[in-house]
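Visitor: Numbering (my numbering), first residue to last: 6 to 259.
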C-alpha cells in the first residue's frame, strides 16, 4: 500500500458520505402549520374541531357583550322616561309599535293587557280586579322569561366548550403520543429526533384545547353574571309596575 495514497483512499469515501448525509437530511417543520400538516388524521380532526369551537365561542362572546351593553343603555333610557312623571299611557302610545328591548317589551305586554281589560264592559269590581291583576302579572312573567331566554341563548355552548375542550385536546395528545411510540417500535430508534415531531403535534392539540376552553369559561362566568343582574333589574321593574297597576285597579274599584 502506498502511504501517500492510503489516507486519500480513506478520507474520500468519508467525505462523500458526510456530504450525502447533510444533503439528504430533512429537518422536520416545527411551525404550527407544519405540525398540523404532518399530524395524523385523528389529530387533524381534533385540531379542526377545536379551532371551530374557539371561533364560534368568540363570535358568541362578542355578540353577547355588545347586546348586553346595548340593552343596558336602552333600559337606562326607558327607566328615565318611565319615572319622569309623565303619563304611562303616553309612553305606551309612543313605544307600542316598536318595543326593541326587554324592559320596554315587559311594559308593553302589561299595558296591552291593562288596555284590553279596561276597555271591556264593567262587571263586578272584585272579580275584575282580582282577575286583571293576576293576568297582568302572568303576561309580564311570560314576556320577562322570553327575553331572558334570548339573552341566555348560546351560553350553554360556552359552558360546553369550557368543560370539554381540554379533554378533546388531551385525546389528540394521547393519540399523537401513541403514534410516536409506534414510530419508535417500527424504526427501532429511540432518538429524540424520531419522536419529537409526533410529541410536538400531540402537545399542540392540548395547547389548542386550553386556548379554546379558557376564554369560554371566563366569558361564560361574566356573561352569566351580567344576565343575572339584568334579570334582577327586569324583575324589580315588573314588581314596581305591577304595584302601580294594582293601585290603578283599586282606584277604579272605588
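Ideal placement from N, C-alpha and C gives every residue a C-beta, glycine not left out. From a predicted model like this one, the values you see are computed outputs, not experimental measurements.
Leaving out five residues before and five after residue 221 in sequence, what residues of the same chain have Cβ atoms less than 6 Å from its Cβ?
Guide: Same-chain partners within the cutoff: 62, 163, 166, 167.
Visitor: Beta-carbon separation of residue 59 and residue 216 under 8 Å?
Guide: Contact: yes.
Visitor: Helix or strand or just coil, what does DSSP make of residue 59?
Guide: Residue state, collapsed to three classes: helix.
Visitor: What did DSSP end up calling residue 68 once you bin it into helix, strand or coil?
Guide: Correct three-state label for residue 68: helix.
Visitor: Here's a check: name, in chain order, each residue in its chain whose Cβ is nearer than 6 Å to the Cβ of residue 83, leaving out the five neighbours to either side.
Guide: For residue 83, where only same-chain residues beyond five positions count, the Cβ hits under 6 Å are 108, 109.
Visitor: Excluding the 5 residues preceding and the 5 following residue 129 in the sequence, name in chain order all residues of the same chain whose CB lies nearer than 7 Å to its CB.
Guide: Because the pLDDT at residue 129 is just 49, under 50, the model does not fix this residue reliably, and the value given afterwards should be weighed accordingly. Here the set comprises nothing.
Visitor: Of the residues 150, 70, 80, 177, which one's Cα is nearest the Cα of residue 105?
Guide: Comparing Cα positions, the closest option is 80.
Visitor: What did DSSP end up calling residue 75 once you bin it into helix, strand or coil?
Guide: Three-state result, residue 75: helix.
Visitor: Would residue 237 be called buried (16 or more neighbouring beta carbons within 10 Å of its own) or exposed?
Guide: It is exposed - the Cβ of residue 237 has fewer than 16 other Cβ atoms within 10 Å.
Visitor: Of the choices 255, 248, 256, whose alpha-carbon is the least far from that of residue 142?
Guide: Nearest option by C-alpha distance: 248.
Visitor: With distance defined between alpha-carbon atoms, name the residue in 97, 47, 149 nearest to residue 244.
Guide: When each option's Cα is compared against that of residue 244, the closest is 149.
Visitor: Using CA coordinates, which residue listed in 55, 49, 95 is at the minimum distance from residue 219?
Guide: Answer by Cα proximity: 55.
Visitor: Closest to residue 76 by C-alpha separation, out of 115, 234, 89, 97, would be which residue?
Guide: Among 115, 234, 89, 97, the Cα nearest to that of residue 76 belongs to 234.
Visitor: Where does residue 54 fall in DSSP's three states?
Guide: Helix, per DSSP.
Visitor: Give me the Cα-Cα distance between residue 137 and residue 151, rounded to the nearest whole angstrom.
Guide: So the two alpha carbons sit approximately 21 Å from each other.
Visitor: Measuring only the C-alpha atoms, how far is residue 95 from residue 121?
Guide: Each residue's Cα considered, the two are about 16 Å apart.
Visitor: Work out the CA separation of residue 144 and residue 114 for me, nearest whole Å.
Guide: Between residue 114 and residue 144, the C-alpha separation is close to 6 Å.
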